[in-house]
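Presented below is the structure to which this report refers.
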Amino acid sequence: MSDYSDYSEVESMSDNDFYECEEEEQYEESSSCKESDLPLFTEGLESIKEIMDNYELIFEQRFGRRMKLFRGSLLAASNAAFKPTGIDKKPLALYIHKDGNEHSHSFPSKVLSNKTISDILKNQFVTWAWDISSPENKARLEEFMAEACMRRSVYAEIQHMRDSEFPKLLVITAPKWVHEVKAVIDGGNSVDEARNVLVDQLKEFVDERSASSATPAFSERDYLLQEQQKEYERCLAEDRAREEKKREKEEEERKKIEEEERLERERLEEERRKEEEAERKKQLLPEEPEASETDAIHLRFRLPGGEQTDRRFRYTEKIEKEEEAERKKKLLPEEPEASETDAIHLRFRLPGGGQTNRRFRYTEKIEFVSTFVESLGFPLDIFDVFNSDRPRKNLAVFQQDSSFERSEERRIAVIITDSTCHHTRILGPLRLSSSPRYTTQDIPSCHRSHWRFDVAKRAPLCDVGLNGAKHNYGRND
Numbered sequence: 001m002s003d004y005s006d007y008s009e010v011e012s013m014s015d016n017d018f019y020e021c022e023e024e025e026q027y028e029e030s031s032s033c034k035e036s037d038l039p040l041f042t043e044g045l046e047s048i049k050e051i052m053d054n055y056e057l058i059f060e061q062r063f064g065r066r067m068k069l070f071r072g073s074l075l076a077a078s079n080a081a082f083k084p085t086g087i088d089k090k091p092l093a094l095y096i097h098k099d100g101n102e103h104s105h106s107f108p109s110k111v112l113s114n115k116t117i118s119d120i121l122k123n124q125f126v127t128w129a130w131d132i133s134s135p136e137n138k139a140r141l142e143e144f145m146a147e148a149c150m151r152r153s154v155y156a157e158i159q160h161m162r163d164s165e166f167p168k169l170l171v172i173t174a175p176k177w178v179h180e181v182k183a184v185i186d187g188g189n190s191v192d193e194a195r196n197v198l199v200d201q202l203k204e205f206v207d208e209r210s211a212s213s214a215t216p217a218f219s220e221r222d223y224l225l226q227e228q229q230k231e232y233e234r235c236l237a238e239d240r241a242r243e244e245k246k247r248e249k250e251e252e253e254r255k256k257i258e259e260e261e262r263l264e265r266e267r268l269e270e271e272r273r274k275e276e277e278a279e280r281k282k283q284l285l286p287e288e289p290e291a292s293e294t295d296a297i298h299l300r301f302r303l304p305g306g307e308q309t310d311r312r313f314r315y316t317e318k319i320e321k322e323e324e325a326e327r328k329k330k331l332l333p334e335e336p337e338a339s340e341t342d343a344i345h346l347r348f349r350l351p352g353g354g355q356t357n358r359r360f361r362y363t364e365k366i367e368f369v370s371t372f373v374e375s376l377g378f379p380l381d382i383f384d385v386f387n388s389d390r391p392r393k394n395l396a397v398f399q400q401d402s403s404f405e406r407s408e409e410r411r412i413a414v415i416i417t418d419s420t421c422h423h424t425r426i427l428g429p430l431r432l433s434s435s436p437r438y439t440t441q442d443i444p445s446c447h448r449s450h451w452r453f454d455v456a457k458r459a460p461l462c463d464v465g466l467n468g469a470k471h472n473y474g475r476n477d
């Protein structure tokens, strides 16, 4: 007598009695959904449909993806798999879980929750599952096996398996209505190995099904293989797109972090440079005179943010700007006489509308223009010098050691620009010609808010009277 001797008594149940239409959920692996302390079976559930619904829900919460199960008894699952004829026949996949073993978490979370494996089981197999973590549940599985006529075949093989080897996925077929375990997949198999086993068993099942129905095997088999291959390629493309999106996001985050770190380094370097510069200039300051000294001037400075500070200087001390300008003047060559013919006459417009002139010999270097500008009190670390071309060129781009005579540029205009402002001020054009010509450009003046002690506009605030004595503080352009 075969395992299916009671086949005539098997109830007829359609797929609609057990499958419910659900929209496919996107797989998002989250640590919050892997709650290993939740049992796959909840006590108090009697209906097999409720048991399978609960099994799917807990499986998803623990391992990350819902396993699509047949919502009915093992007998009904066997009926749905093997009773139909033709291409509606499917192999039966039986998943048996057991907690507390080596692969109790890794196998369902890494293999069964893989999208490719999950889609193959969902579309090409009738899948049923049980949990034998407790003796009561294992005994109930034996009852289901007996009802489905699998006790002497499938359950006998399960009995020979050690409990420590679970969980397992069994691929079951029923040629001539005798159930056989065709393949076993467990925690020792990788995702690729599990996929290959399922695909191979599916091919073999299609061949057997085609032979038993006396239909050409190749057409049905090819059709199913093509469908399976399309499904696999679609899943593979989705996985690749997901990985590419993940890589792009990680690359954007990495670049963002690197940019933030670079800006932070630059900010710290700038702060360090300013602190060093401030300390250097502080060391250059002369000793502050005592408050009791009469030969001193008391200065009050308004700082950014409304703060104020005070400092005393002796009348005989010079402003640093003047000292630097004097040093630059000493570097200039002797100015040629107005009667000399081998000379070029330059005219400069100064801040405030003033003008000055300077003559250079044609054989002298262009770099003396920059030196002369600095001698006027316009340091090149704050101001820039441009010619009068369109577009203008910075004087720094010219060959500084070239003479006026050799320079291809026969016209130069001095446009001194405060590098800390958003507007420019043309301080004056300058032409390298024997007969100077001058044109004016009206460009908005920049607001020199960085000068806290602006000697070009007003005299310093004094708390100590000057008593008419000569001193080095006052208006300077």
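Residue numbers for the sequence shown, in UniProt numbering: 1 to 477. Note that CB positions come from ideal geometry on N, CA and C, so glycine has one too.
Using a Cβ distance threshold of 8 Å, Lys-68 and Val-191 do not count as a contacting pair. Straight across, the Cα-Cα distance linking Gly-305 with Arg-311 is about 19 Å.
Under the 10 Å beta carbon count, Asp-342 is surrounded by fewer than 16 other beta carbons and is classified as exposed. In the displayed model, Tyr-362 falls within coil according to three-state DSSP, outside both helix and strand.
Here the alpha carbons of Val-385 and Glu-275 stand approximately 28 Å from one another.
Per DSSP, the beta-bridge partners of Glu-180 are Thr-173.
In the structure shown, Ile-58 falls within a helical segment according to DSSP collapsed to helix, strand and coil. Glu-238 and Val-397 have their C-alpha atoms spaced approximately 56 Å apart. Pairing Phe-205 with Pro-84 gives a Cβ-Cβ distance that is not under 8 Å. Leu-121: not part of any beta strand (DSSP E); member of the alpha helix (DSSP H) spanning 115-124, first to last residue. Ser-403 has Lys-365 as its beta-bridge partners, per DSSP. A straight line joining the alpha-carbon of Ile-185 with that of Ile-117 spans about 12 Å.
Taking a cut-off of 8 Å on C-beta distances, the stretch 264-279 does not touch the stretch 152-165, as fewer than three cross pairs fall below it. Assignment of Tyr-315 by DSSP, reduced to helix, strand and coil, places it in the coil class.
In the DSSP assignment, Leu-92 falls within the beta strand (DSSP E) that extends over 92-97. Beta-bridge partners of His-298 (DSSP): Arg-312. In this chain, the alpha helix (DSSP H) harbouring Met-145 covers 135-147. Secondary structure note for Leu-75: its alpha helix (DSSP H) is the uninterrupted segment 74-82.
Residue state for Ala-129 is assigned as strand, using DSSP reduced to three classes.
In the three-state reduction of the DSSP assignment, Asn-394 falls in the strand class, which pools E and B.
DSSP, reduced to helix, strand and coil, places Asp-186 within a strand of the structure shown. Scanning Phe-348, Asn-357, Arg-314 and Leu-198 for the CA closest to the CA of Glu-335 turns up Asn-357. Residues of the same chain with a CB within less than 6 Å of the CB of Arg-66, apart from the 5 flanking positions on each side, are Glu-56 and Glu-60 in chain order.
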